[in-house]
Amino acid sequence: MTPDVPAVESAIDDYLKDKINVNVKLNFVDWGNYQNKTNLMITSGEKFDLMYTANWLGYANSAAKGMFAPIDDLLAQYGPDIADNLAPVYLEGAKVNGKLYGLPSNKEYAATQALLVRKDLMDKYGFKAEDIKSYHDFTNWFKTIKENEPSIVPFAGIGDMESVINSQFEQINGDYFGVLSKQANDLKVINPFEDPSFTEVLQQARDWYQAGYIVKDAATTQVTRDEFMKNGKVFSFMVGSKPGIDKEKSLTTGVDLVQVDMDKPYTTTGDVTGAILAISKTSKDPARVMMFLNLLYSDKTLLNMIDWGIEGKHYVKKSDNIIDFPEGITSANVAYSAQGDQWIFGNQFNSYLFANEDPKKWDNFKAFNDAATISKALGFVFDPTPVQNEISACLNTYNQYSKGLFTGTLDLNKYLPELTKKLKANGMDKIIAEKQKQLDAWAQAQGKA
Amino acid sequence: MSRSQAAAARRSLWKDARRHRFLFLLLLPGTLYLILNNYLPMFGLIIAFKNVNFTDGILRSPWSGFDNFKFLFSTTDAWVITRNTVLYNLLFIAVGLVLSIAFAVLLNEVRNRVFRSFFQSAMFFPYFLSFVIVGYLVFALLSIEHGFVNNHILAPLGMEPIDWYNDPKYWPYILTITNLWKNIGYGTVIYLAAIIGVESSYYEAALIDGASKWRQFGSITLPSIMPVVVVLTLLNIGRIFYADFGLFYNVPLHTGLLYPTTLVIDTYVYDIMVTRNDIGMSTAVGLYQAAVGFVLVFLSNWFVRRVNKENALF
Amino acid sequence: MENAIKLRQEEKAAERPRKAYQPNAVSRPAHAAINVLFVLYTLFCLLPILLVVIVSFTDEQTVLLSGYNYFPSKLSLDAYRFLFADPLPIVRAYGVTIGATVAGTVVGLLVTAAFAYPISRRDFRFRNVFSFFAFFTMLFNGGLVPWYIVYSKYMDIGNTILALILPNLLMSAFYILMMRTFFATTIPAEIYESAEIDGAGELLVFFRIVIPLSLPVMATVGLFYTLQYWNDWYNSMIFINNDRIISLQYLMQRTLLNIQYILNNSHAAATARIDFPSETVRMAMAVIGIGPIVFAYPFFQRYFVSGLTVGAVKG
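See below:
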């Protein structure tokens, strides 16, 4: 729903004419097919300049295979204003084999996990967020709901226990085959499936499931937790969190939610590589692309043109940094906006806020970032090549059991040993050893060991 | 062969080609299309033996031998996925064949034309649905919470609900029935077309001889459609290492616990490729599947040739 | 030529008595049993589809809280309202799909038949070579990327309607070989001999005799091509970057994927409310997707009933 893309493009061109003289062509690709399409563009060598990528879209792998241009030198030469507008952890965390291949968006760079709870029921039964010291304490709430609200399931349970796991362990390379303990914050790679706190989480899931606190079909249903919440089926679910997540989710589900934080913000390589703009290897003039990036991080006008379109046409200013839709226009029929994906571009702290958003949003983000514990392994990127086949085999084994165990559908006394044994047979130890080896080498090179 | 014989053979080859020059004209568009759509991209098969990086480009990337194939065999499930793929395909080919022919023959006996058209259309209907939708329908039937079977069949009978999605042993039946339900109309249409093509004079002669319906089927219908049966079966054998991704991915709702009876080569590879976009590996899988199918078709075709040369594929 | 025209007249004449007189029918009880069997099987096929239709008209919350039901407690048009909120894209996509389907089916059928005919001729010396040439493509392919490069770089048909017609869909070796077998078994070799004596050219034989005599298989393959074009979303996804020329199924698939993405991804569209009934929308899209194509089926089915009269040729 962006029929005005050409209009915005020409407005941007006009604006940039005297600055860096470029013609901008915006290419919107749907999220649903984003990975397919961009992979194809890259592998077939199509010509383009700049694209969005991220760790979960294979940023490190693509960079290692030479799909993106290394930008250290370009940054030094043509991006003088970027360093001022981008927290240093980002440049640290986005390096692959010591070289920078993309610029992360400046936004929240830490993650926490939180339980989102229906406010009406919380008030009704007098639940207090302070009572929650660990996830085990949810049991009391769930029990009350189960006993008093027969039509409501206390906990969605779909992918929720992974949040609990993620609050305790730092994944390396996006999987659980060798992780770091967040509590210890050291550089020792451990096997989570043999860690007591991991088993504890699964046992809790199993107990909740058997007590009827988790949606029965949690392991197979295709309905998401947000939908269950929206339709009044569940009392709570968990999310990877950031400031204002309760407001965001209240908006999407149409249900008033309260956020119960589970842990302190923590920053890992994965958190700083969630949104990256990378220059394609096929770009004809990477220097000029870097000049454009330089403006994207420092020039408020340019960023907001890309984020929100043309002033007066697609938005109106309420005050310096607060905007709203013009008369008669809503988010459903506005002819241009980055469709809620503003976070992928440049310096988000320069982006205008909508009138219905928390005017302190960016201040909250900054405070959140400042409070974050930085992982010792920040900036370490694992090269999976030596153990690719083992990872594939383990992934398959993991998929076989994970949903069943995380939702409590499966008896962990029977299936967890089975899973652990099969993972071992498929080379789990080899992966852990390789991760440890690369991590040690990296630490040594960084002078951290 | 003497030189003059060779020359004569060449002459007759040339003569034949000239005599059928219009046939070549008919072959031309299809041939060009196959070259463009299939044979040109086939040079990409070398990617299966390369460790592709984009600094060097595809052609200059280093060779990697059979490295790209290894991941298929390095898992403890290698045997399971191969077994599942082959057994399901054999089952689908055999049962599908018998049922399609049976339906086609019976349909041909329905005298009322309106009924016949209606039955035929209705049978074909499930083919219109995508496996994504079929997956949801199966879930509506079997889910533990609202499933039709558990709540409206087993419960009234006083039986314990069955957690279908937690036990792999049910799935060979569920997948087979689902697949037949969706695709049987397709096979029936083909065999119906074949049966309609049988010359009616044969049946008239059989009628005069007083042959029973069964005899007519055995000595007229079946032999007449045999060439179609043989060719379709040969073609299906060629794809025996390819599983229907839609069926095996969507219908079990990618439930991991069902892997022992639902994981096939294509779904296994898909799960890995989601996290690893490696064209070397995906090309290698395709090549492996094709090569096995090719060998099998070659053997089967050789066998068919020995029995009846006319029916062979090539 | 003369001969061919005569054939067609005889064909018409032969049809009439067949309808009235059926000496070779099964016994009454057997006939009844067959009908009962088909009625049951028809129900088995249609009831699930009826469920799809009903769910598409059910209230979303009812579906989420009590599952799929033939007799839902609350009906709703929300799914269709959501999909047709802006009807223009759907109408346009219908147009694109119909255009690509008609063009692709007609051309594809012709090219396929033209290829299948020569290799069905036993007197054609190179039949095995070309059969193998076609068969080989059924198994081996170079993978997505080289194939994509051929079409997008060398043919340069990206973002055109041709991209919905040409790549992969136009002709399939499977149907070539199937059709070859039909031609070889249903068309008597004598026809070619008599045609040769008459001096009718090969092309005439093909167009005036082989095709009319093979209507059932032409209809079968035509139906399959039609469905294949109708159901295709992949070519749109790969080759098209312009919403004006995407196929209906791609529009549907994309809507679905985007809904899923929004639901599963915490950082997407943070400000957008989940204002779509995703469960029922899925079913509504299936209904919209199969609706019109169902009416194409009887068109092809006609040729199954009238059809072959090879007997008349020989007579």
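Chains A, B and C, in that order, are what the protein sequence lines are. Note that our numbering has the first sequence beginning at 721, numbered continuously upward. Note that our numbering has the second sequence beginning at 18, numbered continuously upward. Note that our numbering has the third sequence beginning at 2, numbered continuously upward. Idealized CB from N, CA, C, for every residue including glycine.
Please list the terminal residues of the continuous alpha helix (DSSP H) segment that includes residue i.
{"i": "P874(A)", "result": "It is not in any alpha helix (DSSP H) - P874(A) instead sits in the beta strand (DSSP E) that spans 873–875."}
{"i": "Y176(C)", "result": "174–187"}
{"i": "V103(C)", "result": "88–121"}
{"i": "R323(B)", "result": "296–324"}
{"i": "I1042(A)", "result": "No alpha helix (DSSP H) holds I1042(A); the beta strand (DSSP E) holding it covers 1042–1044."}
{"i": "L770(A)", "result": "Taken as a continuous stretch (DSSP letters only), L770(A) belongs to no alpha helix (DSSP H), being part of the beta strand (DSSP E) at 770–773."}
{"i": "L51(B)", "result": "38–51"}
{"i": "Q62(C)", "result": "61–67"}
{"i": "V1107(A)", "result": "No alpha helix (DSSP H) holds V1107(A); DSSP gives it neither H nor E."}
{"i": "L209(B)", "result": "188–213"}
{"i": "D734(A)", "result": "725–737"}
{"i": "Q924(A)", "result": "916–930"}
What is the C-beta distance between residue i and residue j, in whole angstroms, given that I count them as a contact (C-beta under 8 angstroms)?
{"i": "I1111(A)", "j": "F1074(A)", "result": "42 angstroms between Cβ atoms; not a contact."}
{"i": "F862(A)", "j": "L835(A)", "result": "Their Cβ separation, rounded to whole angstroms, is 11 angstroms, which puts F862(A) and L835(A) out of contact at 8 angstroms."}
{"i": "L1(C)", "j": "F311(B)", "result": "Residue 1(C) lies beyond the stretch modelled for chain C, which goes from 2 to 316, so this question has no answer here."}
{"i": "F134(C)", "j": "L57(B)", "result": "The pair is not a contact, with the Cβ atoms about 14 angstroms apart (cut-off 8 angstroms)."}
According to the neighbour-count rule (16 or more other Cβ atoms, all chains shown, within 10 Å of its Cβ), is residue i buried or exposed?
{"i": "N747(A)", "result": "exposed"}
{"i": "T993(A)", "result": "buried"}
{"i": "D851(A)", "result": "exposed"}
{"i": "L76(B)", "result": "exposed"}
{"i": "H856(A)", "result": "exposed"}
{"i": "I289(C)", "result": "buried"}
{"i": "Y71(C)", "result": "exposed"}
{"i": "T987(A)", "result": "buried"}
{"i": "K1080(A)", "result": "exposed"}
{"i": "F83(B)", "result": "exposed"}
{"i": "P963(A)", "result": "buried"}
{"i": "E3(C)", "result": "Note that E3(C) scores 40 on pLDDT, short of 50, meaning its location in the model is unreliable; the coordinates nonetheless yield the value given after this. It is exposed - the Cβ of E3(C) has fewer than 16 other Cβ atoms within 10 Å."}
{"i": "G152(B)", "result": "buried"}
{"i": "P49(C)", "result": "buried"}
{"i": "I241(C)", "result": "buried"}
{"i": "G295(B)", "result": "Sequence inspection shows Asp at residue 295(B); the Gly mentioned does not correspond to that position. With 16 or more other Cβ atoms within 10 Å, it is buried."}
{"i": "T1105(A)", "result": "exposed"}
{"i": "L308(B)", "result": "Contrary to the premise, residue 308(B) reads as Ala rather than Leu in this sequence. A308(B) should be labelled exposed."}
{"i": "R82(C)", "result": "exposed"}
{"i": "P790(A)", "result": "buried"}
{"i": "F918(A)", "result": "buried"}
{"i": "R926(A)", "result": "buried"}
{"i": "P726(A)", "result": "exposed"}
Got a sec, what are the start and stop residues for the beta strand (DSSP E) residue i sits in?
{"i": "S901(A)", "result": "895–901"}
{"i": "A998(A)", "result": "996–999"}
{"i": "S956(A)", "result": "954–961"}
{"i": "E890(A)", "result": "889–892"}
{"i": "Q833(A)", "result": "832–838"}
{"i": "D981(A)", "result": "977–981"}
For the ligand MN, I want to know if residue i counts as a neighbour, meaning its beta carbon is within less than 7 angstroms of at least one of the ligand's heavy atoms.
{"i": "Y251(C)", "result": "No copy of the ligand MN appears in this structure; indeed no ligand is present at all."}
- Query: Counting Cβ pairs closer than 8 angstroms, one from the segment 1129–1141 of chain A and one from the segment 910–922 of chain A, do we hit at least three?
  - Reply: yes
- Message: If the cut-off is 8 angstroms on Cβ atoms, which residues from the segment 934–948 of chain A count as contacting chain C, listed in chain order?
- Response: V943, T944, D946, E947, F948
- Does the pairing of the segment 287–307 of chain C with the segment 162–171 of chain B give three or more beta-carbon distances under 8 angstroms? no
- Query: Quick check: the segment 230–240 of chain C against the segment 95–108 of chain C, are there 3 or more CB pairs under 8 angstroms?
  - Reply: yes
- For the segment 953–976 of chain A, which residues have a beta carbon sitting closer than 7 angstroms to at least one beta carbon of chain C? Residues passing the 7 angstroms Cβ filter: K953, V959, G960, E968, L971, T972, T973, G974.
- Residues of the segment 137–168 of chain C with Cβ closer than 9 angstroms to any Cβ of chain A, in chain order: L145, V146, P147, Y149, I150, S153, K154
- Query: Hey, is the segment 789–803 of chain A in contact with the segment 1010–1024 of chain A, meaning 3+ C-beta pairs nearer than 8 angstroms?
  - Reply: yes
- For the segment 48–75 of chain B, enumerate the residues whose C-beta is nearer than 7 angstroms to any C-beta of chain A, in chain order. Residues passing the 7 angstroms Cβ filter: N70, F71, T72.
- Task: Could you list the residues in the segment 139–154 of chain B with a C-beta less than 9 angstroms from some C-beta on chain C, going in chain order?
- Result: Listed by position, the residues of the segment 139–154 of chain B near chain C (Cβ gap below 9 angstroms) are A139, M140, F141, F142, P143, Y144, F145, L146, S147, V149, I150, V151, Y153, L154.
- Query: In chain order, what residues of the segment 1137–1148 of chain A put their CB closer than 9 angstroms to some CB of chain B?
  - Reply: So the close ones are K1142, A1145, N1146, G1147.
- Task: Mind checking the segment 226–246 of chain C against chain D and listing, in chain order, the residues whose C-beta falls within less than 8 angstroms of any C-beta there?
- Result: You won't find chain D in this structure, because its protein chains are A, B and C.
- the segment 969–986 of chain A in contact with the segment 821–831 of chain A per 3-pair CB rule at 8 angstroms: yes
- Query: In chain order, what residues of the segment 201–215 of chain C put their CB closer than 7 angstroms to some CB of chain B?
  - Reply: Listed by position, the residues of the segment 201–215 of chain C near chain B (Cβ gap below 7 angstroms) are G202, E203, L204, F207.
- Check whether the segment 242–255 of chain C touches the segment 87–94 of chain C, counting contact only when three or more Cβ pairs, one atom from each stretch, lie closer than 8 angstroms. A contact exists between the segment 242–255 of chain C and the segment 87–94 of chain C.
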